[in-house]
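Numbering-wise (my numbering), the sequence shown opens with residue 91 and increments by one. C-beta: ideal position from N, C-alpha, C; glycine also. Some notes on the structure that comes next.
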Amino acid sequence: TFPFTLWDAAYIFLRPHSLPGGKWHDPFFGPMVQWAETDHIYGKQGWEGKEGFTAAQGVINMLEVTLYMVYFSIVYRNGGVWHKKPFGGREAAWAVLVGFAAGVVTATKPSLYFTRKIFSDYSYTGHNDRHPVFTLWGFMNLLYISASSYMIITFGNNILDGLCAVPKMGAKTTKKNQ
């Protein structure tokens, strides 16, 4: 989800220039028209209405992007992924912790979007037929939830495995559990 999140944050922070008619709309943000037509909070209506939720989302997007960049930096510096060199220790623990945090942030956002829609009585999406909401908005949020759920489960299991490998505090150390 990293490239989409970065693109989305750029679209949000560059409004009104990223909106239709803006100087950066056509070269970079043309595909966002359909998204903004489906969810008006992203488009002109949200911008002119000074809807702050979208900008707040952009800030969280930047946190998410930063976490992904830190994760990839740790993995790359330690020879993972491209060199397929396994690594462990403190560096691996940091990578797992940051990856888990990134997954939680990514999973939280679609949940927040969905509940916001419900509690605002679909004020920015209620104009749609069900088809665009389910095919565009629903698909993208399903992608984010699926990818982040995989990350949470994978990194969460790594964290649990690491913690379970450590003897219980106060337990007597024997040769068997060393």
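Opening and closing residue of the alpha helix (DSSP H) in which MET152 lies: It spans 142–167 - the alpha helix (DSSP H) in which MET152 sits, taken as one unbroken run.
Span of the alpha helix (DSSP H), counted from its first residue to its last, around MET230: 229–254
CA-to-CA distance, GLY246 to TRP125, given in whole angstroms: 32 Å
Closer than 7 Å: ARG180 CB and nearest the ligand GTP heavy atom: Here there are no bound small molecules, and the ligand GTP is not part of this structure.
Beta-carbon gap between GLU154 and VAL195 smaller than 8 Å: yes
Residues of its chain near TRP184, where Cβ-Cβ distance is below 8 Å and the 5 sequence neighbours each way are ignored: These residues qualify, in order along the chain: ILE164.
Which of helix, strand or coil DSSP assigns to MET259: coil
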